[in-house]
Each structure stands twice: as C-alpha cells, then as structure tokens.
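Numbering (my numbering), first residue to last: 645 to 759.
From the three backbone atoms N, C-alpha and C, an ideal C-beta is built for every residue, glycine too.
Source: prediction; values computed, not measured.
Step one of this worksheet: look at the structure below.
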C-alpha cells in the first residue's frame, strides 16, 4: 500500500498541467493507483478517448479527483506522460475488485458489491 509520505512527496512534484491540484483523500489516490496498475501499458503516451476519472470512480466507488489520478500516475513506476496523455492502452481494463482489498474506501465498495 502507498504510504502517506510517498503520496505527500508525489503531490509536491506532480505536474498538474492546468488541472487544479484538488485531492479527495489519500485512499482515492490509492484507488487511482490500483486502477492504473491494472491497465495495459504502451510504449508512448496517448490520450484515452474516455473519462478515466469516471471509470475509476465507478470501479473504486469513491469520488476520485483529477489530481488523485495525476498523483497516482506520478508514483507509478511504469506510467509516464502527463494526464490525460498517459502510456495506457486505449483498450482499458476493468480491474479485479480484489485490488481494493487493502484500501479503506475501497473496502466500502467491496462490501457494497457483496450485498
């Protein structure tokens, strides 16, 4: 799991490229990181023609902000580019919900799906 210190350092160095650096909370950054981690990576950044934010919010069950995705991408060792142009395949993957297991807000989503 991403530590508070790792997240704080990434917030300070992230390139927000015109997006307002608003963050919901550290768990939303962890949810965005888990979603990005599940995606197929490409050699070069390209803009994905759908709202990644909307997909991450739907999957993770939390109000993920653009700033959360930007910080998650900054932390991820295999992600490069500047949001929304990241090195992700245009064929996005809907990740296994088990990726949310160690994230408090993600656990809320897992409990909701189980009902």
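Taking C-beta atoms under 8 Å as the contact rule, residue 706 and residue 743 fail to qualify, at a distance of about 13 Å. Here residue 721 is exposed. Its C-beta has fewer than 16 other C-beta atoms within 10 Å. In the same chain as residue 659, and ignoring 5 residues on each side of it, the C-beta atoms closer than 7 Å to its own belong to 726, in chain order. In the DSSP assignment, no residue is bridged to residue 735. Here residue 698 carries a helix assignment [DSSP, helix/strand/coil]. In terms of Cα proximity to residue 699, the closest of 713, 648, 689 is 713. By the criterion of a C-beta distance shorter than 7 Å, residue 680 is surrounded in its chain by 716, 717, 720, 723, once the five residues flanking it on both sides are discounted. Distances from the alpha-carbon of residue 746 to those of 701, 708, 675, 703 put 675 closest.
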